[in-house]
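Counting from -18, one number per residue, gives the positions in the sequence shown under the numbering used here.
Please read the structure below before turning to the comments.
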Amino acid sequence: MLQSWRWFGPNDPVSLREIRQAGVTDVVTSLHHIACGEDWPEDDIRKRIREIEWDEQRQQPTGLRWGMVESLPIHEDIKTRSGDYPHYIEIYKKNVRKLGAQGVRAICYNFMPVLDWARTDLYITQADGSTISGCNIDAFVAFDLYVLQRPGAENDYAPYAIASAKKFFEELSPQARDTLRDCILLGLPGTVEDLDPPEFLRRLQRYQHIDADQLRNNLYTFLNDIMPDCEAAGVKMCIHPDDPSYPVFGIPRILSRSEDVEQLFRAVPSPNSGLTLCTGSFGSCIHNDPAQMLEQFAHRVYFVHFRNVTHVPGKEGSFYESNHLFGSVDMPRAMKALITEEERRKAAGITDWGIPGRPDHGKLMDGDKDSGAYPGYSRTGRMIGLAELRGLEVGLRHAMGLDIG
Ligand code: DNO
């Protein structure tokens, strides 16, 4: 595993020096100051690479590199294949070519309508006082029915789900209702801007006549269109799964299950179109086995987000993010799949055989509470995650008779 870490740029409370000191080699970042759909100036890319890779003070390499962009977001016009989508596709191609020319090897993106990842609670307090995030299915349904009041929403849920959501909502204080609204609509790191319910509804409306099949086609057409540029630039696209990996707010879901990945790879055969295997996002669907999915799709996995979830018994769709190694995801099996694939690539003579993996999210511990860390992107919690994953990797490699170098 190439030890990776998501860094949000110079304003990130975690410094590049600390990241390096934690053992990271591969920084994952984006040009967060540039709006979705805009051109990435070459100078900005160059500057970001230098910031990451060159230690000005000591005049020597930092030992870090920027090979993975997370994310280069896809404009809604491309997802809906309406409006000015040809223009945005051209810009996307241009950005891919520029990134490739400067040594970036892969781009993580998603094709989720309107929202990126969504949670109903970002600060669930655990017994030890640290906080984690999670999803409560009643809260999702209640938000949709009573806060958003999305027309026709009641047709998307079973009567028992509506009854349960109603009871949940009635028991929420006005303040808790506001917190729920903000949690879903205030842009999470690296995602979209803050929205209010009318604006969110307006954006959802664009998808009124786009079902899952149409959205899939829009994704496949877009990818097949940009593949020649990706191939020429040596850049691999790795799609991030739907998070959570089940339908919310009537939004079509197209990358939640193994069948979705199979269909994508059939429709876009270029090896430059691959997957970000996010164990937590796939794991949010109780019917998925993310470790098995990593084994199954290993050939086209170019990036791994290691995160665990624990499902709430009897409440399908409700889960919280648990310790990286313990939860519903079989993390040893997932890590073994990554190691096995790296060894396969090495044996096949592929020079770039390392697969970047990052501790995705981490609990927020006392010392970090006022650090300004983005939800999920804590310093200490993620460092514990990275250390545990590294230990797991070394232990497994040793047990598999492989060198642990
Ligand atoms: C959440 C992240 C996602 C991811 C995007 C990629 O923590 O994993 O926001 O970066 O979906 O486009």
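Idealized CB from N, CA, C, for every residue including glycine.
Go ahead and pull the three-state DSSP assignment for E302.
As a first step, residue 302 must be located in the sequence shown, where it is residue number 321. Reduced to three states, the DSSP call for E302 is strand.
Using 8 Å as the threshold, is the C-beta distance between M218 and I88 below it?
As a working mapping, residue 218 is identified with position 237 in the sequence shown. As a working mapping, residue 88 is identified with position 107 in the sequence shown. Cβ distance < 8 Å, so M218 and I88 count as in contact.
DSSP three-state label for K217, please.
Position 236 of the sequence shown, counting from 1, holds the residue named residue 217. It is a strand residue.
Is the distance from the Cβ of M274 to the Cβ of F287 below 8 Å?
Walking along the sequence shown from the start, residue 274 turns up at place 293. Walking along the sequence shown from the start, residue 287 turns up at place 306. Not in contact: M274 and F287 (Cβ atoms no closer than 8 Å).
Any heavy atom of the ligand FAD inside 7 Å of the beta-carbon of D341?
Ligands in the displayed structure: the ligand DNO; the ligand FAD is not one of them.
State the Cα-Cα distance for the pair G(-10) and E34, rounded to the nearest angstrom.
Indexing the sequence shown from 1 puts residue -10 at position 9. Indexing the sequence shown from 1 puts residue 34 at position 53. The straight-line gap separating the alpha-carbon atoms of G(-10) and E34 is approximately 13 Å.
So the beta strand (DSSP E) D119 belongs to, where does it begin and stop?
Position 138 of the sequence shown, counted from the first residue, corresponds to residue 119. Residue range 118 to 123 is occupied by the alpha helix (DSSP H) that includes D119, with no beta strand (DSSP E) assigned at that position.
Rounded to whole angstroms, what is the Cα-Cα separation between Q186 and R234?
Reading the sequence shown from its first residue, position 205 is the one you call residue 186. Reading the sequence shown from its first residue, position 253 is the one you call residue 234. Whole-angstrom Cα-Cα distance: 16 Å.
In terms of residues, what are the limits of the beta strand (DSSP E) holding G255?
Counted from its first residue, the sequence shown places residue 255 at position 274. Its beta strand (DSSP E) spans residues 254 to 259.
Beta-carbon separation of C116 and R100 under 8 Å?
Walking along the sequence shown from the start, residue 116 turns up at place 135. Walking along the sequence shown from the start, residue 100 turns up at place 119. In contact: C116 and R100 (Cβ atoms closer than 8 Å).
Mind listing, in chain order, the continuous beta strand (DSSP E) runs of no fewer than 3 residues lying wholly within the stretch 278 to 342?
282 to 287, 289 to 292, 300 to 303, 337 to 340
Tell me where the alpha helix (DSSP H) around D7 begins and ends.
In the sequence shown, residue 7 corresponds to position 26, counting from 1. Unbroken run through D7 is the beta strand (DSSP E), 7 to 10; no alpha helix (DSSP H).
Near Q83, which residues of its chain fall below 8 Å by C-beta distance, leaving aside the five closest residues on each side in sequence?
The residue you call residue 83 lines up with position 102 of the sequence shown. In the same chain as Q83, and ignoring 5 residues on each side of it, the C-beta atoms closer than 8 Å to its own belong to E23, I26, R27, I30, in chain order.
When you compare the CB positions of A139 and D125, do they come within less than 8 Å of one another, or not?
Residue mapping note: residue 139 aligns to position 158 of the sequence shown, counting from 1. Residue mapping note: residue 125 aligns to position 144 of the sequence shown, counting from 1. No; because the gap between Cβ atoms is not below 8 Å, this pair is not in contact.
Can you tell me which of C17, S(-15), E57, N76 puts its alpha carbon nearest to the alpha carbon of V5?
Counted from its first residue, the sequence shown places residue 5 at position 24. If we check each option's Cα against that of V5, S(-15) comes out closest.
Quick one, which of D333, M316, N91, I336 has its alpha-carbon nearest E374's?
Within the sequence shown, the letter at position 393 stands for residue 374. Closest option to E374, Cα to Cα, is M316.
Between the stretch 70 to 82 and the stretch 294 to 309, can you find at least three pairs of beta-carbon atoms closer than 8 Å?
At 8 Å Cβ cutoff, the stretches do not touch.
Please name the residue, chosen from N91, V85, E51, L258, that lies closest to C211 on a Cα-to-Cα basis.
Here residue 211 is taken as the residue at index 230 of the sequence shown, counted from 1. Among N91, V85, E51, L258, the Cα nearest to that of C211 belongs to V85.
Go through its chain and collect everything with a Cβ distance to C266's Cβ below 8 Å, but skip five positions before and after it.
Reading the sequence shown from its first residue, position 285 is the one you call residue 266. Once the five neighbours on either side are set aside, the close Cβ partners of C266 are P225, S226, Y227, S237, R238.
State the DSSP-derived secondary structure class of G357, mapped to helix, strand or coil.
By 1-based counting over the sequence shown, the position of residue 357 is 376. In the three-state scheme derived from DSSP, where H, G and I count as helix and E and B as strand, G357 is classed as coil.
Going by other Cβ atoms of all chains shown within 10 Å of its Cβ, with 16 needed for buried, is I59 buried or exposed?
Within the sequence shown, numbered from 1, the residue matching residue 59 stands at position 78. Buried, since its Cβ has 16 or more Cβ neighbours within 10 Å.
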